[in-house]
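Visitor:
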Ligand SMILES: Nc1ncnc2c1ncn2[C@@H]1O[C@H](COP(=O)(O)OP(=O)(O)O)[C@@H](O)[C@H]1O
Ligand SMILES: Nc1ncnc2c1ncn2[C@@H]1O[C@H](COP(=O)(O)OP(=O)(O)O)[C@@H](O)[C@H]1O
Ligand SMILES: [Mg+2]
Ligand SMILES: [Mg+2]
Ligand SMILES: [Mg+2]
Ligand SMILES: [Mg+2]
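Residue numbers (our numbering), protein chains in the order written: chain C, 2 to 358; chain F, 2 to 358; chain U, 555 to 765; chain G, 555 to 765.
1. Closest by CA to residue 646 of chain U, which one among U:715, U:624 and U:556?
2. Are the beta-carbon atoms belonging to residue 110 of chain F and residue 628 of chain G less than 8 Å from one another?
3. Am I right that residue 83 of chain F and residue 736 of chain G are in contact with their C-beta atoms under 8 Å? What's the rounded C-beta distance?
4. So is residue 32 of chain C buried or exposed if we call it buried at 16+ other beta carbons inside 10 Å?
5. Can you check whether the CB of residue 596 of chain G is closer than 8 Å to the CB of residue 589 of chain G?
6. Figure out for me which residue from F:146, F:154, F:238 and F:70 has the closest Cα to the Cα of residue 357 of chain F.
7. Using a beta-carbon distance below 8 Å, is residue 575 of chain U in contact with chain C?
8. Using DSSP with H/G/I as helix, E/B as strand and the rest coil, what is residue 705 of chain U?
9. Can you pull the chain U residues whose beta carbon is under 7 Å from the beta carbon of residue 77 of chain C, in chain order?
10. Between residue 229 of chain F and residue 214 of chain F, which are expected to be in contact by the criterion C-beta below 8 Å, what is the C-beta distance as a whole number of angstroms?
11. Check whether chain C comes within 8 Å of residue 65 of chain F, counting only Cβ atoms and requiring the distance to be less than that.
12. Does DSSP put residue 557 of chain U in a helix, in a strand, or in coil?
13. Count the C-beta pairs between the stretch 338-349 of chain C and the stretch 306-316 of chain F that are closer than 8 Å, then say yes if the count reaches three, no if not.
14. Could you tell me which residues DSSP pairs with residue 130 of chain F in its beta bridges?
15. Could you list the residues in the stretch 675-706 of chain G with a C-beta less than 7 Å from some C-beta on chain F, going in chain order?
16. If we require 4 or more residues per run, which alpha helix (DSSP H) segments fall completely within the stretch 4-45 of chain C?
17. State the DSSP-derived secondary structure class of residue 355 of chain F, mapped to helix, strand or coil.
18. Along chain F, which residues have their Cβ under 9 Å away from the Cβ of residue 727 of chain G?
19. Any Cβ of chain C within less than 8 Å of the Cβ of residue 320 of chain F?
20. With distance defined between alpha-carbon atoms, name the residue in C:23, C:43, C:44 and C:53 nearest to residue 36 of chain C.
21. Within 10 Å of its beta-carbon, does residue 167 of chain C have 16 or more other beta-carbons around it, so buried, or fewer, so exposed?
22. In this structure, what does DSSP give as the bridge partners for residue 722 of chain U?
23. On the premise that residue 320 of chain F lies in contact with residue 288 of chain F, defined as a C-beta separation below 8 Å, what is that separation, rounded to the nearest angstrom?
24. With distances taken Cα to Cα, identify the nearest neighbour of residue 741 of chain U among U:752, U:757 and U:724.
25. Can you have a look at residue 197 of chain C and say buried or exposed, based on whether 16 or more other CB atoms are within 10 angstroms of its CB?
26. Taking 7 Å as the cut-off, is the CB of residue 108 of chain F close to at least one heavy atom of ligand 2?
27. Does any C-beta atom of chain F lie closer than 8 Å to the C-beta of residue 243 of chain C?
28. Interface residues of chain C around residue 230 of chain F at Cβ under 7 Å?
29. Report yes if the CB atom of residue 280 of chain C is closer than 8 Å to the CB atom of residue 330 of chain C, and no otherwise.
30. At a cut of 8 Å, does the stretch 557-565 of chain U reach the stretch 597-613 of chain U through at least three beta carbon pairs?
31. With burial defined as no fewer than 16 other Cβ atoms inside 10 Å of the residue's Cβ, what is the status of residue 577 of chain U: buried or exposed?
32. Just tell me which of G:698, G:558 and G:748 has its CA closest to the CA of residue 569 of chain G.
33. On the DSSP bridge list, what partners appear for residue 76 of chain F?
34. Where in the stretch 209-296 of chain F do unbroken runs of the alpha helix (DSSP H), each at least 4 residues long, occur, reported from the N-terminal end onward?
35. Taking the C-alpha atoms as reference points, what is the distance between residue 254 of chain C and residue 105 of chain C?
36. With respect to the beta strand (DSSP E) encompassing residue 149 of chain C, which residues constitute its N-terminal and C-terminal limits?
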């Protein structure tokens, strides 16, 4: 294993320390429990937005903390969901009295840890909504699996909900917006190589020199299909077709029922892509794939989308939700409407997304 | 070789096509000869800034074309300097009557091709200045080598000169500014792994599982020293110490003598770093090193700089001047003054650098 | 009876097993998950050892275990095992020693905790596939009149069988579920760590001459 | 005399050599440079073949070669070989056949072109280390009264010797110079492609029965 790290046992802490030194204008980092917190916290008079998950997906989530996006991020160990005390302390630090929206990627561990945190916060009288992002079309059904995983739509949800909080959306409206983004967003990824977690020091999975993994998870979980390596156009076509042709996906997601004071399972159905749609696209490096190659993928994606009458009106091409140094790419398409576009375009100042005044 | 490409023989063209589709608001791409050109070209009433070099270093240079930075970029084949006809056509397309500044990284091929382009342009009556960036402190002397190579200072020079052009600096003032940035900037890089050029399909150099190359060139040229892999702090210390302790570097650089109408060799001496300096820092991934690891490096760099009384007032942490998928890092420090800081902070809208109004 | 000392020994023995099987559990997780289960459990039990209270109240001990696991493990295993110990702690609050019946309650509330948190059933290739058989074997042995240690022996064997029975299963919960068919032919890491937890309970009881 | 047909044959033969030695030249460049010299030369000469004019003027042919190399090779080799052919083209403008003296001029102006563009000297592990010996050997042979083909034979041998002599040299120009001591024990790619260019000139002349 070759990495620019000092301590394989807990690289997250050293990386967070560097991040704190690098971006004192945008964020602070607290330790024991670990979380990244926006400079202006607490979020006085507005909803606070929190996310988190295992480390190793940088810039997700710490790189999205700052102005106009996340108020706090809770990084777990590499590829391991954070613990409830992290979210509990982070939420207490950023809550400005208008409640906390927790954006949670749909992995069993993340969901459970954020749920426990929400319970702890509610016991303290803090209003919390957990919204789950489950946009990975590589997972076909939800009755025989833990359901679709959270991928790139998370980034758009964090951006849009952060802007909505700044605009003054209240907690329920912001949670509803987050759910809307989730049912409009779909993603799928693939890997050419495996990542190596610092703790293990060896590749998470073996993959032949002539093989690729389609539908890979961002923790190096084996994907939906192993096949011979194909060229960039063909790979892009596989991913894009899965996303664009994905049929209405129905599943139950846990939601907080304010009246009942408990979590209830609610049926949620994804939208499908239609000719005429305007979308935000992410062409995302899994970490080790260089930017140059992402442009080849973008070129083909653009062509395929146009062919379906879908226009890409905004795009992110680079490193947004990674898997350490894995080589590969994931594509995310999020259908927009006026509200989503307005909020996406709003100013943001974080280490990884930075635009507007 | 595993890459997201279609055609190993000329990946550059497919990547440029994707780039054109991705950023129509900022740039256009022309083919035969190939160059990337800013949306608003020609640069009416102001100096035009051009750069270029081998491909494989993305986002350098195409990713810096847009508003407030480069007017055009000329990408060669992977790791191969562009040809003079590219710069010739690019310069003719962007020249707005106030002349063209060519920012050239100091590689034998780049220098010669840009020189030939300048000759061709001058024959057409276009005013040209070539300014060479040679900031790689891994190269110790210039009498027994082709001189220091161009690394990360190039990015800062392109940013600052682009802003100066927008402010209305004339050609000679802008060229003088570019030279000033060059003598204030120093860089050094290292590699954990080799890159693979698409044309060759095999690693450019062999490196043991327990080895690293210190002072690597961005074309995978073997560096100054091969040694056993060390931890991130130690690696950062090696690079930073070389940069901060570098003594005044004296060499001759070719400059256009307007009166004589010919190129003359002028002695140029680098500044050295002093306590009290304010610097712009780049912690740059060589391509395959993930952002998270860059933060560990930044943390140590910050500490070492502070110890010397040097404060990092601006920083770029990410992928800025890469070597395809090579794992490794390079550090750049550019001493600033009021002029450089003002111009660095000025608005810029390019695929890779984007801030301000 | 299992004294609070037996319980403390159990936890220490579990910690040893997690340390010794760190690589093994992680390998199992690499095959069908994300290669961290051993690291997670070892990190968690290390934290548990630091937080073990000098207390005779078994409930208090188990609660300390729960809180340490919740705040140090993360992933799926953290909240699952955390909730498991928390449920057991609630059920046994105030007890300074556990009767054979209490141990059955410990196992039952453990199952309840895992189900409550993870909403899985038997046969989904999870922790439950060794935990439920352990609980049932214990219950049956006790109903048939066996001694505490013999009941735990039966539970351990059932946990081991259950663990092995996860090999041909297709996962439908947790990260391994994404593999569908490809999750077959691999032993579930969580069912394996659960087996170690049951086994060390038996060992703590038998070595400590519980009656 | 070398007719314009000889010259065209020369260029075609060079192109064949660059194609056949593409991997070899690139490997040499991988050791002390950036692993592209063979790719560059092959790409350049392929473009040259497409641009070869149907012209009797040797100067025009060489100018076309120069322009194709300049616009297709890039790197260091592009401007160097481009300038080399451009200087030769200027020196031989208007000639429909080259005398033995003209060929010497071709070699001399080639050396001048490389020096003008690259500002190197003999012994710096570059193109010049096979080109200068080739020119000198030719000159000496001609001064000693040798025939054109014999002069070219001498030039080829000298180029080969010069190429091999780059092995122990430490590079002080071009990309290999960054290696310092480590550039020793490797043959220079540019000196090698130059040898191929000289060798094919000899072959074109001898096979085409130049007198
Ligand atoms: N819903 C669930 N109910 C019970 N056990 C589960 C559930 N989901 C996952 N598990 C168990 O968790 C184990 C994985 O734990 P671990 O690797 O620590 O977490 P993660 O999957 O988050 O990396 C699986 O082997 C499985 O036994
Ligand atoms: N200043 C120079 N003068 C003469 N030849 C040179 C000079 N610099 C480099 N060369 C030659 O160029 C060759 C490398 O060419 P090539 O690999 O195509 O270009 P690059 O180094 O830009 O990749 C070297 O082997 C050397 O012979
Ligand atoms: Mg995990
Ligand atoms: Mg080259
Ligand atoms: Mg796991
Ligand atoms: Mg080369």
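Every residue gets a Cβ at the ideal spot worked out from N, C-alpha and C, and that includes glycine.
Quick caveat: nothing in here was measured; it's all calculated off a predicted structure.
Guide: Reading it off the structure:
1. Looking at the Cα atoms, U:556 is the closest of the given residues.
2. One thing to note: residue 110 of chain F has its Cβ within 8 Å of the Cβ of residue 628 of chain G.
3. With 8 Å as the limit, residue 83 of chain F and residue 736 of chain G do not qualify as a contact, their Cβ atoms being about 28 Å apart.
4. Around the beta carbon of residue 32 of chain C, a 10 Å sphere encloses fewer than 16 other beta carbons of the protein chains shown; the residue is thus reported as exposed.
5. Contact flag unset, no.
6. Taking only the C-alpha atoms, the option nearest residue 357 of chain F is F:70.
7. Output row for residue 575 of chain U: interface = no.
8. Helix at residue 705 of chain U.
9. The contacting residues are 628.
10. Not quite, the Cβ-Cβ distance comes to about 11 Å (not below 8 Å), so this is no contact.
11. Closer than 8 Å to the CB of residue 65 of chain F there is not a single CB belonging to chain C.
12. Look at residue 557 of chain U here: in three-state DSSP terms it is strand.
13. In short, these stretches do not touch, since the Cβ pair count stays below three.
14. Paired residues: F:102.
15. Against chain F - using a Cβ distance shorter than 7 Å - the stretch 675-706 of chain G contributes no residues.
16. As summarised for the stretch 4-45 of chain C, the continuous alpha helix (DSSP H) elements at least 4 residues long and confined to that stretch are 12-23, given in chain order.
17. Note: residue 355 of chain F maps to strand in three-state DSSP.
18. Those are 109, 146 and 147, listed as they occur along chain F.
19. With its beta carbon less than 8 Å from one in chain C, residue 320 of chain F belongs to the interface.
20. Closest by alpha carbon: C:53.
21. Burial call: buried.
22. Beta-bridge annotation (DSSP): residue 722 of chain U is not paired with any residue.
23. 7 Å between Cβ atoms; contact.
24. Minimum Cα distance to residue 741 of chain U is reached at U:724.
25. Under a 10 Å Cβ-count criterion, residue 197 of chain C is classified as buried, with 16 or more other Cβ atoms of the shown protein chains found around its own Cβ.
26. Yes.
27. The Cβ of residue 243 of chain C sits no closer than 8 Å to any Cβ of chain F.
28. Taking the beta carbon of residue 230 of chain F as reference, the chain C residues within 7 Å of it are 3, listed in sequence order.
29. In this structure, residue 280 of chain C keeps its C-beta atom at 8 Å or more from the C-beta atom of residue 330 of chain C.
30. The stretch 557-565 of chain U and the stretch 597-613 of chain U touch, with no fewer than 3 CB-CB distances between them shorter than 8 Å.
31. Classification of residue 577 of chain U: exposed, given that the 10 Å Cβ count is below 16.
32. Per the Cα distances, G:748.
33. For residue 76 of chain F, which the question treats as bridged, DSSP gives the partners F:54.
34. For the stretch 209-296 of chain F, whole alpha helix (DSSP H) runs of length 4 or above, ordered along the chain, are 233-245.
35. Residue 254 of chain C and residue 105 of chain C: Cα-Cα distance of roughly 12 Å.
36. That residue, residue 149 of chain C, is in no beta strand (DSSP E); it is neither H nor E in DSSP.
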